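>
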Amino acid sequence: MENRSDADRREALSRELRQTGRYGKRQKSTRTGRKDALFFGVLLVLLLCGVAALWRYAGHKNPFYILVTDQSAKNQNEEGQGETSSGELQNKLNGTLQQREEEQASYEVPETVRVLLLNSSYSSIYHDELVLKGNTGSVTVTAAELPDQFDEIKEKLISEGILLESSKEGYVLIPQGADQRLCVLSITRACGAPSYRGCLYIYTRNEQFVLINELSLEEYLYGVLPSEMPASYHEEALKAQAVCARTYACAVIENPRYPEFDAQLDDSTSCQVYGNLEEHENTTRAVEETKGEILMFEGRPVSTYYFSTSAGLGSDIGVWQGFQVEDYPYLSNRSQNAAHEMLELTADTEFAAYLAGEHGDIESGYPWYRWNCQVSDINADAIYEKLKERYAVKQESVELVGAESDENDGILPDMLPHPGKIRMLSIEKRNPSGCAVCLLVEGENCSYRVHGEYNVRYLLCDGNTTVTRQDGSTAVMNTILPSAYLILTPILDKEELLGYSIIGGGYGHGVGMSQNGADALAASGTGYQDILAYYYIGTELKK
């Protein structure tokens, strides 16, 4: 079976050859032999491309997979600027395939991972104390007493089934039983007090603890999946999530978030939520049935970003300031409706019409597909504090309108001018899928541009925003709005800004795989390999 693009090119070539007299009736010309050779050379190239496509298709069983051919060889033959012999072309093709195989073979999936555990509110890496559940009771340890009372604490923990040993830079806790876990009562998660597989490294810093959970990568995923995707979702969606979570961890391991503690990830939404909910047999089975599988692009694990629900289409990585789209070619504006693929939604009017329309999207039945909210009071001081917060996190995300590009260099957040009374809030820029990536805050004293979808969501959320989903249910957004796929409408009294109303769609940043989209695809019979290939274009599944 040949792919559609090869067939189209072959038919176009046949028409061209008929029109120019190089096909069918024999032409009398001194260059006939050369033209025939060119024709058969092009035909051979197309045939080899078809064979390569069949080879790739057989290996992936993936109707969405994009075959990348050698464009330089193709262009030379099509333009008649040089011909490659069949032997040279085959050697080049074999060399390319061998190089790819060697690149992938050189990468080995890590066996272990080290995860930094944040405090109960996810607001700090530091813990005031450590309370461990033992076989008969609990043991409380503080950073001040641990060095001086090490032997006493060690004996107490041994009696409770926990081993305490000194490590290179601190201490390590190990459960005595092979199947036992370390239950940390001083951390609160949605499941209550979380229990951790593997061992727990303890570092003391300024009379506080930093906790690092070291365990196998696969066991780490047991704690990630139920925290990131409902265990009730379809099996193929859970498998897709398992591969995403494993691949994401591998990519971050190559660039650790906490090198000072030899830890690669943390357990929050900044990386992947881990240990928030208890392990579940459905999610554990999805991990086991995809064991070791990751997505690769050009020999390295890809950045498998994912989010909850799309508004019908997704975005490339350009929604985040500082990321270059060309560095992530496998992440693009992805829709589950072919009718959306050619839409250009950078204008408010076009995107408003899109949100108001019915498109038959595969996610249209999910509550977060459409939502709305209203903010009735504009608090200039609160907005100013948020501007300073985002500026402190990343200076480039907050731009003082009218200032020179380097004028803010070295300025502390508290030195930013107060905008004064807010006169207007408006979306100044959208990406092609309609996602708001720049918010203009106009004040009586000065104005600011806020860049990046997350920052737009953060600035527009007043900390007590009640959002109504399309099924009538409500949710209070304490920190950020559900998404930046939104239309912002000011509420005015004459020319005074009183508040604003918002109509939006989707939940999350919109980059990579939509989890509800994956579940909907799985419900329709799509396998996890094809779900992954759809969202992460041109990647390869490796085990």
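Residue numbers (this note's numbering): 307 to 849.
C-beta: ideal position from N, C-alpha, C; glycine also.
What you are looking at is a predicted structure, and each value in this text was computed from that prediction instead of being measured.
Are the segment 524-544 and the segment 826-836 in contact at 8 Å, needing three or more beta carbon pairs?
yes
> Taking Cβ to Cβ, would you say C679 is nearer than 9 Å to L583?
no
> Would you decide whether V699 is buried or exposed? Buried here means 16 or more other CB atoms lie within 10 Å of its CB.
exposed
> What does the alpha-carbon distance come out to for the pair L838 and R563?
26 Å
> So, is M721 buried or exposed, given that buried needs 16 or more other C-beta atoms within 10 angstroms?
exposed
> Go through its chain and collect everything with a Cβ distance to T596's Cβ below 8 Å, but skip five positions before and after it.
K545, A548, V549, R552, Y834
> Do V608 and C741 have their C-beta atoms within less than 9 Å of each other?
no
> With a threshold of 7 Å on Cβ separation, who are the neighbours of P481 within its own chain once the five nearest residues in sequence on each side are excluded?
G467, I468, R487, L488
> Between the segment 521-539 and the segment 793-811, do at least 3 Cβ pairs fall closer than 8 Å?
no
> What did DSSP end up calling E542 once you bin it into helix, strand or coil?
Residue state, collapsed to three classes: helix.
> Give the DSSP-derived three-state secondary structure of W677 in the structure shown.
strand
> Answer with buried or exposed for K331, where buried requires no fewer than 16 other C-beta atoms within 10 angstroms of its C-beta.
In this predicted model, K331 has a pLDDT of only 37, less than 50, meaning its place in the structure is not dependable enough to derive any value.
> Tell me the DSSP secondary structure of D720 in three-state form.
Three-state result, D720: helix.
> Determine the direct distance from the alpha carbon of Q455 to that of D568, and round the result to whole angstroms.
Cα-Cα distance, rounded: 26 Å.
> Exposed or buried, what is P565 when buried is set at 16 or more other beta-carbons lying within 10 Å of its beta-carbon?
exposed
> What are the start and end residues of each continuous alpha helix (DSSP H) run of 4 or more residues lying completely inside the segment 492-556, in chain order?
523-534
> Would L651 and V421 be called neighbours here (beta carbons separated by less than 9 Å)?
no
> Under 9 Å, do L804 and L798 count as touching if we go by C-beta distance?
yes
> Considering only the alpha carbon of each residue, which of I459, S444, G443 lies closest to A450?
Sorting I459, S444, G443 by C-alpha distance to the C-alpha of A450 places I459 at the top.
> Taking the straight line between their C-alpha atoms, what separation do you get for S412 and F613?
30 Å
> Less than 9 Å between the C-beta atoms of S492 and L452, yes or no?
no
> Could you check how far apart the C-beta atoms of G605 and D667 are, in whole angstroms? I think they sit under 8 Å.
The pair is not a contact, with the Cβ atoms about 35 Å apart (cut-off 8 Å).
> Just checking, does the segment 441-449 make contact with the segment 579-594 on the three C-beta pairs under 8 Å criterion?
The segment 441-449 and the segment 579-594 do not touch, with fewer than 3 CB-CB distances between them shorter than 8 Å.
> Does D572 come out as helix, strand or coil in the three-state DSSP assignment?
strand
> So, at 7 Å on beta carbons, what are the nonlocal neighbours of A557 in its own chain, with the 5 sequence-adjacent residues on each side left out?
Excluding residues up to 5 positions away in sequence, P607, V608, S609 lie with their Cβ nearer than 7 Å to the Cβ of A557 in the same chain.
> Within the continuous alpha helix (DSSP H) that includes I464, where are the two ends?
456-465
> Might you give, ordered along the chain, the residues of its own chain that have their beta carbon closer than 7 Å to the beta carbon of R511, omitting 5 neighbours on each side?
Y432
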